Structures are given as C-alpha cells and as structure tokens.
Amino acid sequence: MNTPQTPLIAVIGPTAVGKTELVLKIAARLGAEIVSVDSMQVYRHMDIGTAKPSLEEQRLIRHHLINMVNPDQDYNLATYINDAEKICTMLSKEKKVALLTGGTGLYLKGFQDGLFSDPGPGNCPEIREKLNQELIQKGREALFNRLQTVDAASASRIHPNDTTRLLRALEIYETTGTPWSTHLLKQPTQKSNANRRIILKIGLNRPRKELYNRINQRSATMLRQGLIEEVETLLSQGYSRKLKPLQAIGYRHVIEFLDGHKNRDETELILARDTRHYAKRQLTWFLRDEEIQWHHPSEINEIIAKSGEFLDSYHG
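Residue numbers for the sequence shown follow the working numbering, so the first one is 18 and each next one is one higher.
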C-alpha cells in the first residue's frame, strides 16, 4: 500500500434514498462488513423510527456501531470517532473491507478528518450574553427559525430544544459572519493529510419527486409497522420524553400524537413533511463535499465496479 491508512468505502445520502438495500449487495460482493454512520442507530430499543437494518439483514452481513448505548446515555461525535477507529482498525487487521454507510455527514467528516485542534471559531462572550437575553425575551423557536435562515445545515443537526448548540451556532454566525457548518468543512483538523482517512465516497440521490414519494411511503410504513408502539414501550420503560433521542424526527411526532395534540393522519403528514425537510438539509451538507461521487441507486453495477477498482488501486 502507498499510505499507512487502509482505504475505506462510504455509501452516503439522504434518508429513504435506498442505502440499506444497495449497501447489503455491495458488501456481499466485496466481502465487506458494514459500519454505520448514523447518529440515531447507535441507540438501543429505537429500531423502527431510526430505520435500522432488520435482524435478518444484520445476520446476512455483520454490522457495527448499531445498538451501542441506551437512549438515556450520551453518545457524541468524539465517542463515534473513537468507536469507528477501533472497528476499522480491527477490520483492517482481519483483511476485511469496511463499508461505511449512513446519513450523518458530521460523523463521516469527523471520522475522516479528526476532531478540531482548537476550541472553535467565534468565541464572543458579549454576543453569547446578547443571545441569552434574546432567548429569554423571544423564546427558542424564534432563535431556531433564525438559525434555519442563516445556517440550514447546522439547523439540520441541532434539535430546536438543544439550547446550548443552538446558541453556539448563532454565536459563531454572528461573530464571524460565516455559518458554523462552513467552519466545520474548512477548519484545520488534528489529522495531517498523511493521516487523513482515504475514503471512496459514493453519494446516493434520486430526483426530488422520487425521493419525496419514498419518504412519504416510509413515514406511513413506520407508523403501520409499530412506531407508535415502539415509543409507548420506551416511555413505559421509564425513558423521559425530554431525552434528545426521543426528540428526534418520528419519536417527537409520536409523542405529540400520544399526548393528544395531533390525530394519526396529522401525525403521518407532519412526519413526512419534516422528514422531507430533513432530507433536504442532509443533501445541503453532502453537496458541499466535492469528494462525493453521486449515483442513482439503480447504478449498482457501476458502483460495485468503481469500488473494486478503488480497492485494487491500493492493494495492488
């Protein structure tokens, strides 16, 4: 090999684009194991709403970084990077291909580039205090709406109730004039170019109407297949509805339904709408990465051929 790093393959894209089915086929052809790049699939007991691979699919191909922690346990970018490094190092020693897949762009970038070597841009106590006063006077929703306007990519990965990160994102924007998401893409990292992970990035996308139809169908299917019961079980097990995972798309919608704020039809429509918005924000993040090579999921033969050539170029 020409570098100290084992080359990896990542298949990424927005929710409901069809990653799971395609990745299983690629993994079977390449003899690969799958490493999840999904900030929600790390949680146990949350299967339907996170669109985890089925148990049968997990038996067909070994999966990693799924069901890592309980919903009330912390799991963040640093934890993910550490876990992913361990898994990929293990697979390299076993002479196996690591096939990363998911829709959490920040996790993939952090794994490839490393954590940032400084506290981050835009530290300004005066602006932070001003934002805290605005929070008291105008409320969280007003600040979150502003963040969606100035930094949609950051808004896509910050829940409206996550006040700390919401204020931090606005502080960075107001201090530097540049969105936090842009800083994340451009800021120097701890890994040098020599140590930066070598990853063939395959992006999956579909025409908007096609993707949105799939999202609408998935939203209906999730409710039909037991998402409501899944949330009821989580709540009955004592998990607080205020936990960050339970405020994610799908889970918070069902909680509003269970609390009587929405009927079932309204829940399905709003879930589909918010998932479409989320997919759009995911694409906003991914489209900034010029290393991603985009394909329609139907182009599986081309993707497999490209993956094989990529691996051969490093393994000789």
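All residues carry an ideal CB built from backbone N, CA and C; glycine is no exception.
This one's a predicted model, so the numbers in the text were calculated from it and none came from an experiment.
Spatial neighbours of residue i in its chain, beta-carbon cut-off 7 Å, leaving aside the 5 residues before and after
i, result
"Glu308", "Lys218"
"Arg46", "Ile321"
"His278", "none"
"Ile144", "Glu188, Glu191 and Thr192"
"Arg293", "Tyr229 and Ile232"
C-alpha gap between residue i and residue j, whole angstroms
i, j, result
"Ser71", "Val40", "13 Å"
"Gly220", "Ala44", "16 Å"
"Lys323", "Gly48", "15 Å"
"Glu6", "Ala237", "Since the first residue of the chain shown is 18 and the last is 333, residue 6 is not available in this structure."
"Glu191", "Glu146", "12 Å"
"Gln234", "Leu304", "25 Å"
"Lys42", "Ile245", "31 Å"
"Gln154", "Leu116", "47 Å"
"Asp282", "Glu249", "18 Å"
"Val271", "Ala289", "12 Å"
"Gly156", "Arg163", "12 Å"
"Leu275", "Ile215", "46 Å"
"Gln254", "Leu123", "31 Å"
"Gln310", "Gln150", "44 Å"
"Asn280", "Leu252", "19 Å"
"Arg174", "His332", "36 Å"
"Gly243", "Asn212", "44 Å"
Same chain only: Cβ atoms within 8 Å of residue i, ignoring 5 sequence neighbours per side
i, result
"Phe327", "Pro24, Ile26 and Leu217"
"Ser257", "Asp89 and Leu263"
"His313", "Leu221, Asn222 and Arg223"
"Leu152", "Leu160, Thr180 and Leu184"
Distance between beta carbons of residue j and residue i, contact taken as under 8 Å
i, j, result
"Asp179", "Lys261", "7 Å"
"Ser53", "Gly127", "At roughly 14 Å, the Cβ-Cβ gap does not stay under 8 Å, so Ser53 and Gly127 are not in contact."
"Val28", "Asn222", "The pair is not a contact, with the Cβ atoms about 12 Å apart (cut-off 8 Å)."
"Ser269", "Ala172", "Position check: residue 269 holds Arg in this sequence, whereas Ser was assumed. That belief does not hold up - the Cβ atoms of Arg269 and Ala172 are roughly 15 Å apart, past 8 Å."
"Glu50", "Ile78", "7 Å"
"Gly66", "Glu247", "6 Å"
"Val59", "Ile83", "7 Å"
"His81", "Ile104", "5 Å"
"Ile266", "Tyr295", "6 Å"
"Glu74", "Thr37", "7 Å"
"Asp100", "Met85", "7 Å"
Where residue i falls, given that 16 or more other Cβ within 10 Å makes a residue buried
i, result
"His62", "exposed"
"Ala95", "exposed"
"Met107", "exposed"
"Asp55", "buried"
"Trp337", "This structure cannot speak to residue 337, because the chain is shown only from 18 to 333."
"Ala159", "exposed"
"Ser2", "Outside the displayed span of the chain (18 to 333) sits residue 2, for which this structure offers no information."
"Arg76", "exposed"
"Thr4", "Nothing can be reported for residue 4, as the shown portion of the chain is limited to 18 through 333."
"Arg225", "exposed"
"Lys110", "exposed"
"Arg241", "exposed"
"Thr181", "exposed"
"Lys112", "exposed"
"Lys259", "exposed"
"Ser134", "For Ser134, the predicted structure reports a pLDDT of 41, less than 50, and the residue's modelled location is therefore unreliable. The matter cannot be settled from this model."
Endpoints, the beta strand (DSSP E) within which residue i is located
i, result
"Lys218", "Ile216 to Leu221"
"Gln254", "No beta strand (DSSP E) contains Gln254, which DSSP labels as neither H nor E."
"Gly119", "Val114 to Gly119"
"Leu25", "Leu25 to Ile29"
"His312", "Gln310 to His312"
Opening and closing residue of the alpha helix (DSSP H) in which residue i lies
i, result
"Gln234", "Arg225 to Arg241"
"Glu50", "That residue, Glu50, is in no alpha helix (DSSP H); its beta strand (DSSP E) goes Ala49 to Ser53."
"Ile78", "First-last for Ile78: undefined, no H or E at that position."
"Asp306", "Element bounds for Asp306: n/a, residue is neither H nor E."
"Ile104", "Leu94 to Lys110"
"Tyr60", "Run containing Tyr60: none; DSSP gives neither H nor E here."
Chain-order list of residues whose beta-carbon lies under 6 Å from that of residue i (same chain, five-residue window excluded)
i, result
"Leu184", "Leu148"
"Glu316", "none"
"Asn87", "Arg61"
"Gly176", "Just to set this straight, residue 176 is His in the shown sequence, not Gly. The answer, listed in chain order, is Gln264."
"Gln165", "Ala172"
"Leu5", "The chain is shown from 18 up to 333; residue 5 falls before or after that span and cannot be answered."
"Val114", "Leu47 and Ala49"
"Val167", "Tyr190"
"Gly325", "none"
"Ala170", "Ser198, Thr301 and Trp302"
Any C-beta of chain C under 8 Å from that of residue i
i, result
"Gly66", "In the structure shown, chain C does not exist; there is a single protein chain."
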